[in-house]
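Visitor: From first to last, the protein sequence lines are chains A and B. All the letters of the first sequence, read from the start, carry residue numbers -9 to 592 under our numbering. All the letters of the second sequence, read from the start, carry residue numbers 77 to 430 under our numbering. Quick one: structure below, then a few questions.
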Amino acid sequence: MSNEAVIHSPVEIGAHEEHGEHHHHHETFITKYVFSQDHKMIAKQFLITGMFWAVLGGLMSVLFRLQLGYPDASFPWLETILGKWAKGGHITPEAYYALVTTHGTVLVFFVLTAGLSGTFANFLIPLQVGARDMASPFMNMLSYWFFFAASVVMLSSIFVETGPFSGGWTAYPPLSALGDASPGSKTGMDLWIVSMALFVVSSLLGGLNYIATILNMRTKGMSMTRLPLTIWALFFTAVLGVLSFPVLFSGFILLIFDRNFGTSFYLSDIFVNGVGALPNEGGSAILYQHLFWFLGHPEVYIILLPAMGMVSEILSVNSRKPIFGYMAMIGSLFAIAVLAFLVWAHHMFVTGLNPLLGSVFVLLTLLIAVPSAIKVFNWLTTLWRGNIRFTPAMMFAIGFVSLFISGGLTGIWLGNSALDIHLHDTYFVIAHFHIVMGVASMFGMFAGIYHWFPKMYGRYLNNTVGYIHFWVTIAGAYMIFWPMHYEGLAGMPRRYYDYSIWESFKQFAELNRFISTVAMIVFAAQLLFLFNFFYSIFKGRKMTSLNPWQSNTLEWTTPLRPGHGNWPGEIPEVHRWAYDYGKDGVDFIPQTTPVGADESHH
Amino acid sequence: MAIFLTVAVIALIYIVIIQIAKASEYVSVLKGEDVSRKQNNKINGFLMVVFLVLGLIGVWYCNNLYLGKTLLSVDSASVEGARVDSMLWITIAVTGSVFLATQIILFWFAYRYQEKEQRKVFYFPHNNKLEVLWTIVPAIVLTVLVVIGLRNWFLFTGEPPKDAMVVEVTGKQFNWIFRYPGKDGALGKKYFRNIDDANNNPLGIIWDDQLSHDDVVFDKLILIKGKPVKLIIGSRDVIHDVGLSQFRLKMDAVPGIPTTMWFTPKYTTKEMKELTHNPDFVYEISCDQMCGNGHYSMRGVIDVVDQEEYDLWMAKQKPQYLVAFPDKDPSNKKDSVKLAVAPVETAGKTIAKM
């Protein structure tokens, strides 16, 4: 094929280096691709598992959007796929709630936590700090396989007789504790908890490794203040996870006891229809919410910080300009990480929380807007007077900033308890967190994939597909979530299967149809990305340079396809920070370049 | 058949896009990566501005379409809720202007500073003055918003006026039960083990408590225009939430932990029908906390009436004590065949079956 010849004609680079791995490694298929201890392979495992879940979770949202957009239509093919969950081509309420719940759990934990920070923390930390691997490659491998086990258990819960858990991804008891209150809270919930417990273990194993590696294994000259912002962001992410996941775990343990061993941590004064009064007395259902949101809120930043870090890096590289306010960026990351632990109760303003306590949480919540504002203005200033290259990664990074602004600003509404008392649990909340946490972080993840794909696979992703992917996704995301603010301002509650019996909310039937249609188109565009990803692994355009984005960071000093150990010879020494772009008229100065005698100081 | 056709069309679209993408990649390799990058750069830089302009038009268009369908186009139905509305408008003004400014700057910068061969970038790693400026200005603006918010918050969550009427609201899968204190103005004690739907005691009222004897249980919330009302909110099973969107308030119903909420209705249901130009208007209580598979159908109805109408209605109600013990009802002495059935339960059962 002449075309193939064209695309593969550029001079092969680094071909001999591919085999320059450490010779004492005797690698079999199993140790290289399955139980690999190489951080790069583990990163790819996280990424591909995450993509699997993203497709499944996205597909679930398409299914329940079908119900919301076309509540009266019947789709016989749904019965073919879902069987009794879609009798007569209508998704049943049981199935609807199961889909909503699984969509939430999977996207938040499996895609945006494991898929995002699992992938990029594993891939970038050793490469960017200059280490041969993680502090404990074995723990790192376990981290992936615990995640894999969590995935298997979660997946199996979809197939049990009584259905998967269907009480919302936050799993508030008593609903989640009482199988008699909801069929999804029977076996489905048992599997859900087991899966989440495995996930917490995975997350802790990973997190401890990331922290240890960043603190102890930086190469010579790589002081903390010379680290790229990606690493700083991943560092704070790991700290957040290590400190907050155990609290979630404790909440789950109490829930397991309440479900199975007759304790009353969360249960009191309950009379279930058809069962009668339960023996439990003295528990507090609100206790669970405190334990859950003590993770739940930092979790938002666990999702968002890696995206912020990668976006900072990508914006700087492609503006050919240093990131503006490097220290302020670290400071604001730190501030966000600290405040993340002090705002959890803003999810609980309407639970009957002590108003004084509530007011403290209002203050601390709105305080987060300050470091967030610093970050946004610093990103904008980074673009200012730059020389911007619109690589697909850069497009997604710019999209991230736009979405982060849009979704972040509505946080100022919801964080103010006197407004939350009106908007809580309406579509306004759906719009807010999908834009700022869901789509924005997805954009961060896409930016990261487009940017580091050449380092992962030695080939490029197709640019044209990348651009189409970007424009369809950003336009679609806004068309889906922007109008939801209006539904929320009408008080339309979330997690409703059908709005037609409600005089106050039924005026949005047409809008819901529009949103569902766009959601399907956006989902289709993601399949395009998926094709691009897998096709390009094998057939993508080959790299013609070891440093395709002309970037300063260490990962681009490795061979084309680095083996286990990353650098065939000595680990390079670092002499400067990562953002010397356009300094003294020089386009870029890699971190490995010693500081010249006549170089200006900043 | 239609399905196969749709799938075929979608597949075709994919194939076309992918073929175009592959072709353009070959072209770019032939032309040289630099040349094609510059071309892509121009196109995407231009699209950035197009997106900004179309996006802003879209925002305006969306607002035209849907603002009228939100509650912002109607006055708040409670005196206190008006404060939520005014706060909403202030917050919209603040965040809206930041939104416009930053989005315009973002996409404009992207377009303006796209790669040009002759451009020298400005090495600008930090500037303390600027950074202090955009730390302090947001902090001040946020402080203002916090102060406004907390003043309202303490009003909403504070003590209701002394003359407030009291109604108890209890959520259960999947409907609401309302209890009025009756003439003595006090609710009788209850205990969840006493709940007995079959014997007309859906709330578990302790009948030994004399205060309970004139309590009225009803399946609708009847409120008086201009009279503050304090709701004592509880749940029989899982967590529910009393969502009162027209009144701009909501509060969770938690089993075992009573919560409260108070407000002053401003318009009767009749007046709201005129105000909203909707003859079918009703005040609805939406359950706003996921409570099971019937969550979406957990609907309560509020009737706001004037004092006179309320008194007339109340006079007609039979205390739940007499519903539960018909033999103690003096009016039943004459005609003992009549059996009182609580309206609440029949409604509850039909919905639960859904």
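Virtual Cβ for every residue (Gly too), placed ideally from N, Cα, C.
Quick check: the segment 62 to 82 of chain A against the segment 23 to 39 of chain A, are there 3 or more CB pairs under 8 Å?
Guide: With a cut-off of 8 Å, the segment 23 to 39 of chain A and the segment 62 to 82 of chain A do not count as touching, because too few Cβ pairs lie within range.
Visitor: So, at 7 Å on beta carbons, what are the nonlocal neighbours of N(-7)/A in its own chain, with the 5 sequence-adjacent residues on each side left out?
Guide: With a pLDDT of 47 at N(-7)/A, under the threshold of 50, the modelled position of this residue cannot be trusted, and the question is left open.
Visitor: Near L88/B, what residues of its chain come up, given a Cβ to Cβ distance below 7 Å and the 5 sequence neighbours on each side ignored?
Guide: Once the five neighbours on either side are set aside, L88/B has no close Cβ partner at all.
Visitor: Hey, how far is the Cα of M179/A from the Cα of T160/A?
Guide: If I take the Cα positions, the gap works out to 12 Å.
Visitor: Please report the straight-line C-alpha distance between P61/A and L68/A, rounded to a whole angstrom.
Guide: Rounded to the nearest angstrom, the two C-alpha atoms are 13 Å apart.
Visitor: Measure the alpha-carbon distance for F110/A versus T344/B and round it to whole angstroms.
Guide: For F110/A and T344/B, the distance between alpha carbons rounds to 58 Å.
Visitor: Count the other CB atoms within 10 Å of the CB of A177/B; is the residue buried (16 or more) or exposed (fewer)?
Guide: Exposed.
Visitor: For the beta strand (DSSP E) containing V92/B, list its first residue and its last residue.
Guide: That residue, V92/B, is in no beta strand (DSSP E); its alpha helix (DSSP H) goes A78 to K107.
Visitor: What are the residues of the segment 530 to 544 of chain A that lie near chain B, defined by any Cβ-Cβ distance shorter than 8 Å?
Guide: Of all residues in the segment 530 to 544 of chain A, R531 and T534 have a Cβ within less than 8 Å of some Cβ in chain B.
Visitor: Buried or exposed: which applies to R227/B, given that a residue is buried once 16 or more other Cβ atoms fall within 10 Å of its Cβ?
Guide: Counting Cβ neighbours within 10 Å, R227/B comes out exposed, since fewer than 16 surround it.
Visitor: Determine the closest residue to S658/A out of G264/A, R484/A, W492/A and I470/A, with distance taken between C-alpha atoms.
Guide: Outside the shown range of chain A, which is -9 to 592, sits residue 658/A, and nothing can be said about it.
Visitor: Find the residues of chain A that neighbour A215/B, judging by a C-beta separation of less than 7 Å, and give them in chain order.
Guide: The answer, in chain order, is V360.
Visitor: From what residue to what residue does the alpha helix (DSSP H) around G223/A run?
Guide: Note that residue 223/A corresponds to Ala in the displayed sequence, not to Gly. First-last of the alpha helix (DSSP H) with A223/A: L219 to N250.
Visitor: Measuring alpha carbon to alpha carbon, tell me which of R503/A, G456/A and W461/A ends up nearest L520/A.
Guide: Checking every option, the nearest Cα to that of L520/A belongs to G456/A.
Visitor: Are V366/A and G401/A closer than 8 Å when you measure CB to CB?
Guide: The answer is no: Cβ separation not under 8 Å.
Visitor: Could you compute how far the alpha carbon of M131/A sits from the alpha carbon of L141/B?
Guide: Their Cα atoms are separated by approximately 53 Å.
Visitor: If you count every other CB in all the chains shown that lies within 10 Å of the CB of I69/B, and 16 or more means buried, which is it?
Guide: This structure cannot speak to residue 69/B, because chain B is shown only from 77 to 430.
Visitor: Using the C-alpha atoms, what's the distance from I282/B back to G332/B?
Guide: When rounded, the distance between both Cα atoms is 16 Å.
Visitor: Please tell me whether I115/A and I32/A are closer than 8 Å, where the distance is taken between their beta carbons.
Guide: Cβ distance not < 8 Å, so I115/A and I32/A don't count as in contact.
Visitor: Look at the Cβ atom of Q540/A, then the Cβ atom of D577/A, and state whether they are nearer than 8 Å.
Guide: Contact flag set, yes.
Visitor: Measure the alpha-carbon distance for E589/A versus L143/B and round it to whole angstroms.
Guide: When rounded, the distance between both Cα atoms is 58 Å.
Visitor: Taking DSSP as the reference, what is the three-state secondary structure of G321/A?
Guide: The answer is helix: DSSP assigns G321/A an H, G or I state.
Visitor: Does the distance from the C-beta atom of G48/A to that of F423/A stay below 8 Å?
Guide: Their beta carbons are not under 8 Å apart, which means G48/A does not touch F423/A by this criterion.
Visitor: Return the residue from the list L181/A, P288/A, T177/A and G174/A that minimises the CA-CA distance to A228/A.
Guide: Considering only alpha carbons, the answer is P288/A.
Visitor: Around the C-beta of S240/A, are 16 or more other C-beta atoms found within 10 angstroms, so that it is buried, or is it exposed?
Guide: S240/A should be labelled exposed.
Visitor: Can you name the start and end residues of the beta strand (DSSP E) that W252/B belongs to?
Guide: Its beta strand (DSSP E) spans residues N251 to Y256.
Visitor: Under 8 Å between C-beta atoms, does K573/A make it to chain B?
Guide: Yes, because at least one Cβ of chain B sits closer than 8 Å to the Cβ of K573/A.
Visitor: Is H353/B close to chain A, meaning its C-beta is less than 8 Å from at least one C-beta of that chain?
Guide: Judged by the 8 Å Cβ criterion, H353/B is not in contact with chain A.
Visitor: Using 8 Å as the limit for Cβ to Cβ distance, is H289/B near chain A?
Guide: Chain A, which has no Cβ nearer than 8 Å to the Cβ of H289/B, makes this no.
Visitor: Return the residues of the segment 356 to 377 of chain B that lie within a Cβ-Cβ distance of less than 8 Å from chain A, sorted by chain order.
Guide: Those residues of the segment 356 to 377 of chain B that come within reach of chain A (Cβ to Cβ, closer than 8 Å) are D356, F357, V358, E360, S362, C363, D364, Q365, M366, C367, G368, N369, G370, H371, Y372, S373 and R375.
Visitor: Can you grab the Cα-Cα spacing for the pair Y476/A / Y569/A, in whole Å?
Guide: The alpha-carbon atoms of Y476/A and Y569/A are separated by roughly 42 Å.
Visitor: Assuming T372/A is part of the alpha helix (DSSP H), what are its boundary residues?
Guide: Taken as a continuous stretch (DSSP letters only), the alpha helix (DSSP H) holding T372/A covers A359 to L373.
Visitor: Name the one or two DSSP bridge partners that F524/A has.
Guide: Answer by DSSP bridge pairing: none, since F524/A is not bridged.
Visitor: Hey, which unbroken runs of the beta strand (DSSP E) at 3 residues or more fall wholly within the segment 154 to 210 of chain A?
Guide: Correct list: empty.
Visitor: Comparing the C-beta of E493/A with each C-beta of chain B, is any distance below 8 Å?
Guide: Closer than 8 Å to some Cβ of chain B, the Cβ of E493/A qualifies, so yes.
Visitor: Counting Cβ pairs, one atom from each stretch, are 3 or more of them under 8 Å apart for the segment 369 to 385 of chain A and the segment 195 to 215 of chain B?
Guide: With the cut-off at 8 Å, the segment 369 to 385 of chain A and the segment 195 to 215 of chain B touch.
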